[in-house]
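J.: This note's numbering numbers the first residue of the sequence shown as 490 and each following residue consecutively.
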Amino acid sequence: MPDNTKIWFAVYNPPDANLPFLAVMVGLDGNIVAVPYDTAAEAEAHNLHHGAELQRRLNEGG
490 MPDNTKIWFA
500 VYNPPDANLP
510 FLAVMVGLDG
520 NIVAVPYDTA
530 AEAEAHNLHH
540 GAELQRRLNE
550 GG
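1. Using only alpha-carbon positions, find the residue among LEU543, ASP527 and LEU508 that is nearest to VAL515.
2. State the DSSP-derived secondary structure class of ALA506, mapped to helix, strand or coil.
3. In the DSSP assignment, the alpha helix (DSSP H) including GLU468 goes from what residue to what residue?
4. Could you check if ALA530 is buried or exposed, using at least 16 other CB atoms within 10 Å of its CB as the buried criterion?
5. Quickly, what does DSSP pair LEU511 with across the bridge? List them, please.
Spelled out as structure tokens, the structure:
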């Protein structure tokens, strides 16, 4: 079970060349969101964007 005080972001490499990279977020409640991308760089950019957006919302109190 994930640490319920943190939201985790990760990029998973595909186990096969025909599968996508996954941008993954594990929420405070343990729910997992995974979005497929063609490259690791795209998946990392996705996580950086959404992590920054989440931080902005938290800083605004929402």
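Built from N, CA and C at the ideal position, the CB exists for glycine as well.
T.: With the structure as the only source:
1. One-based indexing of the sequence shown puts residue 515 at position 26. Relative to VAL515, the option among LEU543, ASP527 and LEU508 whose CA is nearest is LEU543.
2. Reading the sequence shown from its first residue, position 17 is the one you call residue 506. Reduced to three states, the DSSP call for ALA506 is coil.
3. Within the shown structure, residues of the chain are numbered from 490 to 551, placing residue 468 beyond reach of any answer.
4. Numbered from 1 along the sequence shown, position 41 holds the residue referred to as residue 530. Answer is exposed; the Cβ neighbour count stays below 16.
5. Locating residue 511 in the sequence shown gives position 22, counting from the first residue. According to DSSP, which records beta bridges pairwise, LEU511 is partnered with TYR501 and PRO525.
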